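Here is the structure we will look at, set down as structure tokens.
There are 2 protein chains.
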Amino acid sequence: MRRVALLMALICCFPLLTIGQQEEQAKLAGFFGNSAASEQDWEQKFRAIPSPQNMIADMKLLAARPHHVGSPYDKQNSEWILAQYKKWGWDAHIETFNVLFPTPKFRLLELISPTHFVAKLQEPPVPGDPTSYQQKEQLPTYNAYSPDGDVTAPLVYVNYGVPDDYDTLARLGISVKGAIVIARYGHSWRGIKPKLAHEHGAIGCIIYSDPRDDGYYQGDVYPKGPWRPSEGVQRGSVMKMEIYPGDPLTPGVGADAHAKRLALKDAKTIEDIPVLPISYGDALPLLKALGGPVAPPDWRGALPITYHVGPGPAKVHLKLQFNWDLKPVHDVIAKLAGSTYPDEWVIRGNHYDGWVNGAQDPIAGQVALLEEARSLGEIYQQGWRPKRTIIYCSWDGEEPGLLGSTEWVEEHGDELATHAVAYINSDVNSRGYLEAEGSHSLESLINTIADEIPDPEKEGMSVGQRHRLAELAHAQNPEERKKLESEKNFIIGDLGSGSDYSAFIDHAGIASINYGFGGEAGGGIYHSVYDDYYWFSHFDDGPEVYGRALAQVVGTTMMRLADSDVPPLDFTGLSDAVGRFVDELKKLDKTEIAQMEWQNKEIQDGIFTASTDPTKKFVLPATEDVPQPLDFSPLDSAVKSLKQSAQSYQSAFDKGAPGLVSVPGASFEVVGEDLIKTERDLLTQEGLPGRPWYKNQLYAPGIYTGYGVKTIPAVREAIEQKNWSQATEEIGIVAGVLQKEADSINAAASALQSAGQ
Amino acid sequence: MRRVALLMALICCFPLLTIGQQEEQAKLAGFFGNSAASEQDWEQKFRAIPSPQNMIADMKLLAARPHHVGSPYDKQNSEWILAQYKKWGWDAHIETFNVLFPTPKFRLLELISPTHFVAKLQEPPVPGDPTSYQQKEQLPTYNAYSPDGDVTAPLVYVNYGVPDDYDTLARLGISVKGAIVIARYGHSWRGIKPKLAHEHGAIGCIIYSDPRDDGYYQGDVYPKGPWRPSEGVQRGSVMKMEIYPGDPLTPGVGADAHAKRLALKDAKTIEDIPVLPISYGDALPLLKALGGPVAPPDWRGALPITYHVGPGPAKVHLKLQFNWDLKPVHDVIAKLAGSTYPDEWVIRGNHYDGWVNGAQDPIAGQVALLEEARSLGEIYQQGWRPKRTIIYCSWDGEEPGLLGSTEWVEEHGDELATHAVAYINSDVNSRGYLEAEGSHSLESLINTIADEIPDPEKEGMSVGQRHRLAELAHAQNPEERKKLESEKNFIIGDLGSGSDYSAFIDHAGIASINYGFGGEAGGGIYHSVYDDYYWFSHFDDGPEVYGRALAQVVGTTMMRLADSDVPPLDFTGLSDAVGRFVDELKKLDKTEIAQMEWQNKEIQDGIFTASTDPTKKFVLPATEDVPQPLDFSPLDSAVKSLKQSAQSYQSAFDKGAPGLVSVPGASFEVVGEDLIKTERDLLTQEGLPGRPWYKNQLYAPGIYTGYGVKTIPAVREAIEQKNWSQATEEIGIVAGVLQKEADSINAAASALQSAGQ
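Chains as they are written, first to last, in the numbering used here: chain A, 820 to 1576; chain B, 820 to 1576.
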């Protein structure tokens, strides 16, 4: 004990992993009796196996050629991946779905006035970078699920093209009606930009990558540095995934051979106006030709021009035609059957399709997943047996719209509803900090594991410690620091959308995590031909040490979930999170009201009048009726119930452990079933207002953010849209969902107590 | 009364000037009996006279040719101005001083490695702009008071070249020792940049105008718009004015024929290393050639490059030679003698010398001053007689280093000490908002007058209302708004340096105001050949309506100060300000300590280690000894005394008024003398640490900011420099000064009470 005390005094009290804590880890949450020690042995064996050398070799192979949906190399990769799983002892197969995946037939963008300029729409090869020369196999630069179109109109610059930007345009007295808008990438899912432009009357949409956001403003451009070169283009889907992701023709069901398909014209997730992504090299002449008011300061990028808003005198012609074909997506699915609870599934996924060569996105994540599978296969050979069934999924078709994962979840909806314990996702992987987003019932588990995995760049520091210390380093003020220091666990992010977890958490209500490292390497090759092995090896995690760290973090998470007597869900993390969400809603309501009151005052007292330049147009907003504050008491009561149930489950879980030692594993089955139910309880059959595919009442991507999460989305978005009566109604619905969740947690607590008797 | 109440209900309660308030203005602060009504009559007559047409004509004339110190047109302007004063009935003369004013003999800046490039150092004429063609008369682009030099060295980019930037360089492990630095203009008086570079071991300094700060990033460049074109250069002085301004060879005394002059080598205000300003056109090849780490985000400008810090591989050669001549500066001084208190002087000034044609800077201010003088002359003809002596000063030689005003104040130091009541300055004038900085004993007067002058762009709104409403519009948060709404007066700015008030307030302790309109037009022609009539008439206050507003504001201020029975100084404004300064010092001390503690923690807990990228160099700072908080109790006591004395003066002033009606004017003479003394009491004979010329203990330009004010500078800068023992010592000194000030205010209160009996 003395030694521990001395160490505790020497190393400061903050989040370093002390010897005392290490000793405590012999008690692993969810493992009873001596199962913890055995688990730790197997985990140690597992974590020693993932090999950076293998990951480098795998990346070289999988990213060797363009491998988008429907391409020959994508198919070849799926077969190679299947063979690996099989070689490593997994029960693996390929599941194929046929989905709508448009590809370009004709693309033209030209400035026709006041001068003439034809956009290149072509990324040039880079000397030294071999795969950038594979132009014949590369998908042209385009946005998937743009409609065909042929439009000519004056141009208007709309900044990021998000709702706030249209408010600014209204103040400037500028309409996009009948115009073609040009928006820069960033600050929203890209599909939001044409959607909003259409809602405001625009007839076409151009999206470009401003050098301020991922070009020379950030750092040296490729191949001198990692950032986007002048002609680099971000491809990408503009599917209206905020309505539903996956195949546009088969919402809610797997796009298998028997699926009933919508007619193309009835698909609700295809954009309404033609949209095309371009490089900043192509954007410069267009933006330079704009007149009208000078863009507001936060609208200005890093091009060497004065940014103007327009409309005109720049006039552009945009013509796009696509092949509207069905293409196959090949999900590679591999299983290790559970020894004790085979009907409880722990699922892991990462996609393997890319927009072009896709080394960072997604192969950096895929090779980590493959090394996990190889390593688990190896310890399986050595005698390790997971209690639950483990399913590894190498998804196809993520890039166009989460096609592979969504169709699979829809196809297996009923099974998943009763069997799935959790889904663990990864995607892009890079150098830097552990990032984890997900269901807050898994927050405690994530923290525990993050403290066990060493950071490859920082000797003697775990990835969890590094995460916490970096959060402290980036805290904005002493209050934020104090708050961070007071927290037992680092708070994981909330899941929005943008990768394959979406169908699992948002539609099927399966507890999910999205893991990845990043935040250090930077770069501007996202969805371009330059996201390849040459780039990755020069500017990112070339030695694949963060690939290994990812495999260690995720593999350990899978084992902990699959091997535990009772899955280590922590509902206090969940109830704390829900309490936080409700507090945020209250604050949002207060802020909206205060802003409306303030704006009314600005109008009435002449504050706008005083502070505007009479030589510049400014349109006064209209005064608004200020509503009464919302009544959040139903949510307050629900949070209270949830906190009580979480507390009672936790104490059953904690107290139960010693008494549970001698009880045979099988008696926890009912607990597992109850736990599986708890996450499903967050769903409603009706789903969110206007988008029934999204059934989770706690997390969803925003209807006007796309990637960005909205927690308690039905209430939050009603407030944001100033729909006060709907907000009140949704408060009641969500409160009911949370009360049901509390009941299920109480049931699980009782089951756990019974199991321990 | 009903009508008033109705209006009060209709127009909201905030700062609109109500009828009730207007009625109250019949009582003018400092005017007793019926003197107020007479004053208002004269002021109304005065305010009707200033004519935009005259100002336009005067600007066309005065800015017709380059008119820098020592130029023929500068001389010609002085004579023309003199003739005007005389024509308008003023007792006017020219006072000439001979001062050191270096001009370029040779300028060379070349990139010699890795490629060769010779900087143009020349502003091209602009078609349509006639005066931009007067190249023979234009001063070349240069920084006055750079030494001669011939240096060749690797280049280092130092952002704005202020102290924080050198801290950042230290963290990056980059030294400027033996290097030539390139800094961008902004965030400090330009002389601070070579000074700090020299202190850190650099051997040369280049200063450029980044397009982000006043070029195309801000708006269209000249002649399409008002902003700085690619080859535009900001000339300017780099004299070490934070030590003393004025002639470098005659510190503290007027540079008249008899003055003893220092040898050039002994002058303390000439820079130590050669320094040259350049355009962004010339800067681009230099910055583009830099290697080393990518500049931190807030170091990046708007050039279309990745900003690197260096050092090298860019290597530059800088060679500069100057004519080190004495040149004459011609101050034009005009008087209207006071009728009642001729020995109490109210002084007004604006310079007329420019760097080139100088339309906005300073002719826009000079033409307002001239219209004030003409208008005062006209009402004088009509019978108006100021009680106090009014002195109008058209300064020469402001641009190189406040030469004309400083030498005049030094020459007339003894007279000013006993006679000067206040000094009112202006300089640049532009479109927009009334800006006022100055001695806080004048804050109440400024507010009163600002509410009386209509804003020329905003019908029915005074310039004071517009100022207050714009402050509200720009408030960052509801708390700031609430605070602003609760304030009776808008708070005027604190005076730093940068114009001719400096010798008055900082050296001679004369209550000063600096007035100007601005904040709306913008532009990037400061100190370039493009600051001319063509530019001003197209992009700024072409109709001279803000010229007229300035003349109305300043002329009314002059009349109010010169005509009042007792000058309307308000010491509650002063004592509130001092209380605020002391609170800021306490907060600064607390913040410094908290930052040191936090940084020590960052080092010890590994927060720096966790949050840095191992592929990039980062030098850990050393841990620091954290001091005890300073004892501010002497200042607290002094503030208490000051507030009490201010209150007792104010109640004597308020209560005295009715009783004073019948007392003859002459009996206030002793009050006036006491009041004059109060501002002088803020001086100490020893001045500020290391710079005895600066004697004012309340206001000074910062030793490392140059323009930027430091209030209670001796204490504040000791804290900033972490010199805790000196801070304690200075707290005692300043507390003594404030106690003395309180005593003098009490004496003035007694004198006022006696005068009223």
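All C-beta atoms in this analysis are idealised placements derived from N, C-alpha and C, irrespective of residue type, glycine included.
These numbers come from a predicted model, not from an experiment.
Using 8 angstroms for Cβ pairs, my map puts residue i next to residue j. What's the rounded Cβ distance?
i, j, result
"B/ASP1091", "B/GLU1217", "Rounded, the Cβ-Cβ distance is 24 angstroms, inconsistent with contact."
"B/ALA1114", "B/PRO973", "So it is not a contact: roughly 16 angstroms between Cβ atoms."
"B/TYR979", "B/LEU1095", "In fact, because the Cβ distance is near 17 angstroms, the residues do not count as touching under 8 angstroms."
In three-state DSSP terms, what is residue i?
i, result
"B/PRO871", "helix"
"B/ASN978", "coil"
"B/ARG1119", "coil"
"A/LEU1557", "helix"
"A/VAL1372", "helix"
"A/PHE851", "coil"
"A/GLN1463", "helix"
"B/TYR1242", "strand"
"B/PHE1586", "Outside the displayed range of chain B (820 to 1576) lies residue 1586 of chain B, so it cannot be described from this structure."
"B/TRP1008", "coil"
"B/TRP909", "coil"
"A/ILE1564", "helix"
"B/TYR1365", "helix"
"A/VAL1057", "coil"
"B/ASP1140", "As written in the sequence, residue 1140 of chain B is Gln, which differs from the Asp given in the question. B/GLN1140 falls in the strand class under three-state DSSP."
"A/ASP1325", "helix"
"A/GLU1276", "coil"
Got a sec: is the Cβ-Cβ distance from residue i to anything in chain A below 8 angstroms?
i, result
"B/LEU1253", "no"
"B/ALA989", "no"
"B/SER1430", "yes"
"B/LYS996", "no"
"B/MET1280", "yes"
"B/ILE1124", "yes"
"B/ASP1424", "yes"
"B/ARG1003", "no"
"B/LEU1439", "no"
"B/ALA1121", "yes"
"B/GLU1271", "no"
"B/ALA1292", "yes"
Measuring only between beta-carbons, confirm whether residue i sits less than 8 angstroms from chain B.
i, result
"A/VAL1113", "yes"
"A/GLN840", "Note that A/GLN840 has pLDDT 43, beneath the 50 cutoff, so the model's placement of it is unreliable and no number is given."
"A/LYS1277", "yes"
"A/ALA1413", "yes"
"A/PRO1433", "yes"
"A/PRO933", "no"
"A/ALA1289", "yes"
"A/PRO1448", "no"
"A/PRO1297", "yes"
Is the number of C-beta pairs between the segment 1009–1028 of chain A and the segment 1053–1070 of chain A that are closer than 8 angstroms three or more? yes
query = Okay, do the segment 953–962 of chain B and the segment 973–993 of chain B touch, 3+ Cβ pairs below 8 angstroms being the bar?
reply = no
Requested in this report: May I ask you to verify whether the segment 1342–1355 of chain A touches the segment 1274–1288 of chain A, counting CB pairs closer than 8 angstroms and requiring at least 3?
Outcome: no
- Item | Residues of the segment 1036–1070 of chain A with Cβ closer than 9 angstroms to any Cβ of chain B, in chain order | TYR1036, GLN1037, GLY1038, ASP1039, VAL1040, LYS1043, GLY1044, TRP1046
| query | the segment 1316–1347 of chain B: which residues have C-beta closer than 8 angstroms to a C-beta of chain A, in chain order? | reply | GLU1339
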